[in-house]
Each structure stands twice: as structure tokens, then as C-alpha cells.
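Residue numbers (the numbering used here): 246 to 845.
Don't be surprised by glycine CBs; every beta carbon is placed ideally from N, CA and C.
Quantities reported herein were computed from a predicted structural model and do not represent experimental measurements.
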Amino acid sequence: MSDRLLKGIGVSPGIAVGPTVVVRWALPEVPHRVVPRTHVEKEVRRLRAALKDVKRHLTELQVRAEDRAGVDEARIFDAQILMLEDKDFVGGVAELIRENRLTAEKAFEFKTLEVRDLWTSVGSPLLKERLADLTGVAIRVIQHLMHRGDAEVWDSISQPSILVARELSPGLTVQLDREHVVGLISEEGTRTSHAAILAHSIGIPAIFGLRDAVARLPQGAMVILDGTRGTVLRDPTPEEVAEAERREARRHELAAHLEEAVAQPSVTLDGVHVALRGNVDLPDEIAAAQAHGAEGVGLLRTEFLITGHSVLPSEDEQAVYFRRVGDAFPGYPVVVRTYDLGGDKFPAPFRTAPEPNPFLGWRAIRVCLDEPELFRTQIRAVLRAAAHANIHLMIPLVTRLDEVERTREYMNEEADRLRQSGIEAAATVPLGVMVETPAAAVLADRLAEISDFLSVGTNDLTQYTLVVDRANARLADRFTPHDPSVLRLLKLVAEAARAAGKPASVCGEMASEPLSAFLLVGLGYETLSVAPPALPFIKWLIRQVSTAQARAAADAALAARSAALALDILRFALAEAVDLSLLDPDARLPAGRRSGSLRL
Ligand code: PEP
Ligand code: MG
Numbered sequence: 246m247s248d249r250l251l252k253g254i255g256v257s258p259g260i261a262v263g264p265t266v267v268v269r270w271a272l273p274e275v276p277h278r279v280v281p282r283t284h285v286e287k288e289v290r291r292l293r294a295a296l297k298d299v300k301r302h303l304t305e306l307q308v309r310a311e312d313r314a315g316v317d318e319a320r321i322f323d324a325q326i327l328m329l330e331d332k333d334f335v336g337g338v339a340e341l342i343r344e345n346r347l348t349a350e351k352a353f354e355f356k357t358l359e360v361r362d363l364w365t366s367v368g369s370p371l372l373k374e375r376l377a378d379l380t381g382v383a384i385r386v387i388q389h390l391m392h393r394g395d396a397e398v399w400d401s402i403s404q405p406s407i408l409v410a411r412e413l414s415p416g417l418t419v420q421l422d423r424e425h426v427v428g429l430i431s432e433e434g435t436r437t438s439h440a441a442i443l444a445h446s447i448g449i450p451a452i453f454g455l456r457d458a459v460a461r462l463p464q465g466a467m468v469i470l471d472g473t474r475g476t477v478l479r480d481p482t483p484e485e486v487a488e489a490e491r492r493e494a495r496r497h498e499l500a501a502h503l504e505e506a507v508a509q510p511s512v513t514l515d516g517v518h519v520a521l522r523g524n525v526d527l528p529d530e531i532a533a534a535q536a537h538g539a540e541g542v543g544l545l546r547t548e549f550l551i552t553g554h555s556v557l558p559s560e561d562e563q564a565v566y567f568r569r570v571g572d573a574f575p576g577y578p579v580v581v582r583t584y585d586l587g588g589d590k591f592p593a594p595f596r597t598a599p600e601p602n603p604f605l606g607w608r609a610i611r612v613c614l615d616e617p618e619l620f621r622t623q624i625r626a627v628l629r630a631a632a633h634a635n636i637h638l639m640i641p642l643v644t645r646l647d648e649v650e651r652t653r654e655y656m657n658e659e660a661d662r663l664r665q666s667g668i669e670a671a672a673t674v675p676l677g678v679m680v681e682t683p684a685a686a687v688l689a690d691r692l693a694e695i696s697d698f699l700s701v702g703t704n705d706l707t708q709y710t711l712v713v714d715r716a717n718a719r720l721a722d723r724f725t726p727h728d729p730s731v732l733r734l735l736k737l738v739a740e741a742a743r744a745a746g747k748p749a750s751v752c753g754e755m756a757s758e759p760l761s762a763f764l765l766v767g768l769g770y771e772t773l774s775v776a777p778p779a780l781p782f783i784k785w786l787i788r789q790v791s792t793a794q795a796r797a798a799a800d801a802a803l804a805a806r807s808a809a810l811a812l813d814i815l816r817f818a819l820a821e822a823v824d825l826s827l828l829d830p831d832a833r834l835p836a837g838r839r840s841g842s843l844r845l
């Protein structure tokens, strides 16, 4: 069994059974052929005709994506279309044809490899996102020139299949045809990769960080993918398939059970209300958060407004979007996080010089404060939407007090300007700080004094505290918010907010995990913002525990000397209140420490 069982990181729960379809993001082999000098201009014309055809095809795909994923997500194709129109790039290919008498496909291949080498040598994770766009376009154009048909992934899929890839970009993930793709496996990435967060939100079972997946899972291999356990079982026996199907049926049954929780209040056994909000990355998650009873949006990511678009979004466009989200949650807050650009989020229209250490570089609030027009436009949009809905503003990656003070100044100035221009807008909105750096956590008492609320971004807080790249699959075991150092910071922030009389919440992925949600309640957080599909689960859990139980568990976890021990303590404590086998097989008690009351 063991060599058939592969282990990765379960990033989106659920079981899928089916054959694998390997997605190769490789350019096709292009034969080297020199054309007669008299044919050179014909090759250039062939190139231009192909670019036109591919552009038409991409536009058709964009329309299809609009139906499937929504208008905003479909704009991800803009970046690819833009590449086809890039004068430098296209001119460079034509030059290669003319100077070296190459075929159009060979010249296109050369130019693509040249640009790819250039981008790769920079080593920026930000450029990586655009690399996938470049490869995607090149594959389409070259296939077309070679009369090979297009490179659509799912056109070749005739039955529900499991996609295997070296890497999945958010762009590819958002385009997935859920009827044909029932599961995802990626060699790269972890739970906090944006593609993983997207897969979780869309509800496709997925495993990331599965090393050598492409080599170990050949095309058409039958597998059972368990996104909850993070396992892939190759060549399963009929009994194993039947067992997996039973488990999946049970999961669905449980999900139906959890749906009941949606209409019930989110209160602990001792009557403490733990507000559960949704994290919304893309517009189609608004409906999911609503359907799962979210009490507002605790983290409205805004990068999608830029990513994959050719131009920056206007103030009107943003104001309309923020109001739309606000209107979806009447009476509840919607926390708009200002652009978290840089790091792993590098949008096409926002070209910057590559940096050797982008995660320690010019990103998030630093970009916004240095680009006042970009920032002020977003602030104005928030103030305008706030005239009609309960909108809050939150700034990411804060490390210094003056970042909050300057933001407040900008907000006051923009509110004045809007008032003077007679434009309907709120005079101010609550201004919150994302605590996602050790600096902010240590300064939480002073940040709480000058802001209106704190919200802990545990994805980045863990990354920066433990010096572990959140997207590095090799270090996935080290990336844990249960490390004693992170737990201390979480406690520090909760206490600082309480002392200042300001609300504190957690909006990192951690809040979407049952054991961690239990811990966070115990540490004193009374607001959690979670991935929409996890809302019923977390609410169901909260309704079965008391704050006294959670506090005792959190105190014990804080005293643990390692993340593994802290997790053991939490499992053990939670098992007193909840049948853990219902939650997640990985949430089981360690062997030999199971309580008799458990049904495992
Ligand atoms: C975080 O860092 O925890 C967070 C919520 O922000 P993002 O994942 O968008 O960086
Ligand atoms: Mg963050």
C-alpha cells in the first residue's frame, strides 16, 4: 500500500475519484527549419494571422469564463490578450523571422524562451505569476501555427478527472470547469497559496505540495484524492474505492448536518457570541459567505481588481463593488483591505522593478503610501460606499505607527475633498490594522490606541515570525501558527486589544481550521473571519464548546514547548466536547491518548 500512497498538503477538503489528467505547461517541440528568403514575409503574415486567431479565441474563452466564474474573474484573460498586443514582443518575433529566416513558430518559441529566461533569472515570485500567462499564450500560438488545435486543458477531458500539474496559478484555477475537473494536485504551493485559497473557496478537493506528482502520477492513472487528509492513493482496489465513496457520502451527510448550523446563532455553550465573518477574495464568494450565514466580511481582498487587468480600477468601479458587498450583508461590517500588492501578488498593470526579496520589500501599505493616487482612489471609493453600507478600512503589513497615522490623514483629507465636491460619502470609517508582522504584534498596544480595530493575519504573521516562506512546500512542516512563538504573539495581540477596549479578530487561514478556531476563542478572540465553505463547520464547533474549556485549552497550548505538542493538547481538550472523527481525520487524538468517550 505504502508506495501507492502519496502525501501532500490537503488544501481543500473532500474526496475525488477518477483518472489523472496531467497538465504540462511546456511548449511543444518545434522543428528547426530555415525558410527560403522569398518566404520570409509570408511567415510574418502567418504570425500576424495566428495572433489574431488566438486573440479571438481568448476573447471567446473570456466570455465563457464570464458565464462560469463571473465578469471580474474573466478579466484575468486581459493579461494574456495584452501580451499578444505587446509591440516589443511581437516586433521581436518578426525580427527573428526576418533576420534568421525562421518559421513563425520557431521565432515565437525563441522569443518566448528569451523572455522566460529573463523573468526567471530575476527569481521573483511576482514574475512567476506572469510566467504562467506567458507560457499559456505561447502554447496557444505555437500550437495554432503548427495546426495542432488549441491547448485547452479540459477540451480533452471526457470524464470527471483529477488535474495534475507542476504548478497551478490562480488564473488557471479560476477557469476550471467543475463538471470535468473533480480534483486538483499540484507539486508546488501550500495551503496559503492563492490558487489553494481559490480552490478551497470554489469547493474543489485539492492537494498541493505533492513532490514529483507529475512523474509519479502518469496520465490516466486511477487515483483517490482525499483533500481532507492530503493523500493520493494510486491504483485503488474496488474495495478502496467503495470505502472512499462511503467516506465521501458521510462527508456530504455531515455537510447537510452542518448546514443546519447556518440558521443558528454563533454562540458558545456559555452564551458568548463569537462573530463569524467571511473572507472574500473574489466576487463569487459573496454568495457563498451569505449562504453560510456570515456576519459580514472580515477580509475583503481587493487585489483581484488589479490582477490580470490591463488598467488600474477606477474609483467608481471600486465604490460600486464595495457597496455591492456591503449591501449583501445589511447591518454587518465589511472590512475592505487596501491593496496588498507586492510579495506574491504582482499585478500586470502595476509594473515594478524586480526585487531580490519581494516579501521583505516594497509591498502592501508601503506601496500604497508611496503611490498616493492609487491609495487615495481606493480610500475615496471606501468612503463613498460607506455612505450606504457598513464599510471598514483595513491596512496590511503594518510595521510602524506612522503608517496608520498617515492613512488616517489621507482618509480625513479625502473625506473633506468629497464633502467639498458635494459627493455623497461618509465622513470617516473605522480604520483597522492587520497584525501580520512581528513588529505589529509587539506594538499591538500602541497600534490599538491609534486604530479602531486589529485583525491578525496569521498567514503572514507565521511566515515572518518563523522565517518560513508560506508558499514553500518543502518547509510546510515548519509553517505552523501553533508554534510557541506565534501563540505568544496571538495572546499578546488579544490582550493588547482588550486593554485598549478595541475589537480584535483573526482573518488568516488559521481561523478556518477547527482546532485553531477553538484555540483562538480560548485566547480571547470574539471575531473570526473564515473561508466561506468553513463557516458552518466552525459555527457548529463553537456551539459545542464553552469559553472556559477553550481558555483552559489555550493556556495549556501556550505552555507547550512545540507546535506538535500544542496541537496534541488542543485535540485532547477538544475531544472532551466534540466527536473529533466528525471533523477531520487529521484532527484525531495521537495514538494511545484517546479518551473512552470518543467515537473514533
Ligand atoms: C494573512 O496574511 O494572514 C492574510 C489574511 O492576508 P493574505 O493571506 O492575503 O496575505
Ligand atoms: Mg497577509
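Using only the heavy atoms of the ligand PEP, determine whether one of them is closer than 7 angstroms to the beta carbon of residue 647.
Position 402 of the sequence shown, counted from the first residue, corresponds to residue 647. The answer is no for residue 647.
Own chain partners of residue 725 with C-beta closer than 6 angstroms, once the 5 adjacent residues on each side are dropped:
In the sequence shown, residue 725 corresponds to position 480, counting from 1. Here the set comprises 808.
To the nearest angstrom, how far is it from the Cα of residue 525 to the Cα of residue 481?
Looking up residue 525 in the sequence shown gives position 280. Looking up residue 481 in the sequence shown gives position 236. Residue 525 and residue 481: Cα-Cα distance of roughly 37 angstroms.
In whole angstroms, what is the alpha-carbon distance linking residue 521 and residue 773?
By one-based count along the sequence shown, residue 521 stands at place 276. By one-based count along the sequence shown, residue 773 stands at place 528. The straight-line gap separating the alpha-carbon atoms of residue 521 and residue 773 is approximately 5 angstroms.
Below-8 angstroms beta-carbon distance, residue 645 vs any chain D residue
Going by chain labels, chain D is absent from the structure shown, which holds only one protein chain.
Alpha carbon to alpha carbon, how far is residue 766 from residue 513? Give it in angstroms, no decimals.
Locating residue 513 in the sequence shown gives position 268, where the first residue counts as 1. Locating residue 766 in the sequence shown gives position 521, where the first residue counts as 1. If you take the alpha carbons of residue 513 and residue 766, they lie about 9 angstroms apart.
List the residues that DSSP assigns as beta-bridge partners of residue 187.
Look at the range of the chain in this structure, 246 to 845, and you will see that residue 187 is not part of it.
Compute the Euclidean distance between the alpha carbons of residue 261 and residue 687, then round it to the nearest angstrom.
By 1-based counting over the sequence shown, the position of residue 261 is 16. By 1-based counting over the sequence shown, the position of residue 687 is 442. So the two alpha carbons sit approximately 43 angstroms from each other.
Looking at residue 787 and residue 486, is the spacing between their C-beta atoms short of 8 angstroms?
Your numbering for residue 486 matches position 241 in the sequence shown. Your numbering for residue 787 matches position 542 in the sequence shown. Contact: no.
Outcome for residue 559 when other beta-carbon atoms lying within 10 angstroms are tallied against a minimum of 16
Here residue 559 is taken as the residue at index 314 of the sequence shown, counted from 1. Taking every protein chain shown into account, the CB of residue 559 has fewer than 16 other CB atoms within 10 angstroms, so this residue is exposed.
With three or more beta-carbon pairs closer than 8 angstroms as the criterion, would you say the segment 699-713 touches the segment 731-742?
With the cut-off at 8 angstroms, the segment 699-713 and the segment 731-742 touch.
Touching or not, the segment 757-764 and the segment 796-812, by the rule of three or more beta carbon pairs under 8 angstroms?
yes
Rounded to whole angstroms, what is the Cα-Cα separation between residue 554 and residue 752?
Looking up residue 554 in the sequence shown gives position 309. Looking up residue 752 in the sequence shown gives position 507. About 26 angstroms.
Residue of 630, 683, 689 and 638 minimising C-alpha distance to residue 663:
Along the sequence shown, read from residue 1 onward, the residue named residue 663 stands at position 418. Selected option, being the one with the closest Cα: 630.
Check residue 574 in the structure and name its three-state DSSP category.
Locating residue 574 in the sequence shown gives position 329, counting from the first residue. In the structure shown, residue 574 sits in coil (DSSP, three-state: anything other than H, G, I, E or B).
Should residue 702 be counted as a contact of the ligand MG given a C-beta to heavy atom distance under 7 angstroms?
The residue you call residue 702 lines up with position 457 of the sequence shown. Result yes, Cβ under 7 angstroms from the ligand MG.
Give the secondary structure of residue 766 by DSSP, where H, G and I count as helix, E and B as strand, and everything else as coil.
What you label residue 766 is simply residue 521 of the sequence shown in a count that begins at 1. Three-state result, residue 766: helix.
Sorted by chain position, which residues of the same chain lie with C-beta nearer than 8 angstroms to residue 390's C-beta, five sequence neighbours on each side aside?
Start at 1 with the first residue of the sequence shown, and residue 390 comes out as number 145. The answer, listed in chain order, is 291, 292, 295, 348, 349, 350 and 353.
Please go through the same chain and pick out, in chain order, the residues whose beta-carbon is closer than 6 angstroms to the beta-carbon of residue 264, but skip the five residues on each side of it.
Counted from its first residue, the sequence shown places residue 264 at position 19. Around residue 264: 406, 465 and 467.
Which word fits residue 251, buried or exposed, when buried means at least 16 other C-beta atoms lie within 10 angstroms of its C-beta?
Position 6 of the sequence shown holds residue 251. So residue 251 ends up on the buried side.
Checking 8 angstroms against the spacing of the C-beta atoms, do residue 699 and residue 689 come in under that value?
Along the sequence shown, read from residue 1 onward, the residue named residue 699 stands at position 454. Along the sequence shown, read from residue 1 onward, the residue named residue 689 stands at position 444. Yes, these two residues count as a Cβ contact at 8 angstroms.
Contact check, residue 580 vs residue 571, beta carbons under 8 angstroms
Within the sequence shown, numbered from 1, the residue matching residue 580 stands at position 335. Within the sequence shown, numbered from 1, the residue matching residue 571 stands at position 326. It is not a contact, given that the beta carbons lie outside the stated cut-off.
Are the beta-carbon atoms of residue 451 and residue 441 separated by less than 8 angstroms?
Here residue 451 refers to the residue found at position 206 of the sequence shown. Here residue 441 refers to the residue found at position 196 of the sequence shown. The criterion of a C-beta distance shorter than 8 angstroms is satisfied by residue 451 and residue 441.
Under three-state DSSP, which class holds residue 670?
As a working mapping, residue 670 is identified with position 425 in the sequence shown. For residue 670, the secondary structure class from DSSP, reduced to helix, strand or coil, is coil.
Which residues does DSSP pair with residue 430 in a beta bridge?
Locating residue 430 in the sequence shown gives position 185, where the first residue counts as 1. 409 and 452.
Helix, strand or coil for residue 445 per DSSP?
As a first step, residue 445 is located in the sequence shown; it is residue number 200 there, counting from the start. Helix.
Quick check: what's the CA-CA separation for residue 475 versus residue 739?
Stepping through the sequence shown from its first residue, residue 475 is reached at position 230. Stepping through the sequence shown from its first residue, residue 739 is reached at position 494. Between residue 475 and residue 739, the C-alpha separation is close to 32 angstroms.
Taking just the CA atoms, how far does residue 274 sit from residue 540?
To locate residue 540, count along the sequence shown from 1; it is residue 295. To locate residue 274, count along the sequence shown from 1; it is residue 29. Going by the C-alpha atoms only, they are around 53 angstroms apart.
Burial state of residue 806 (16 or more Cβ within 10 Å)
Numbered from 1 along the sequence shown, position 561 holds the residue referred to as residue 806. Per the 10 Å Cβ criterion, exposed.
Bridge partner(s) assigned by DSSP for residue 750:
Numbered from 1 along the sequence shown, position 505 holds the residue referred to as residue 750. Per DSSP, 700 and 772.
Does the ligand MG have a heavy atom nearer than 7 angstroms to the CB of residue 561?
Here residue 561 is taken as the residue at index 316 of the sequence shown, counted from 1. No, the ligand MG has no heavy atom inside 7 angstroms of this Cβ.
Is the closest heavy atom of the ligand PEP to the C-beta of residue 613 under 7 angstroms?
Here residue 613 refers to the residue found at position 368 when the sequence shown is read from its first residue. The answer is no for residue 613.
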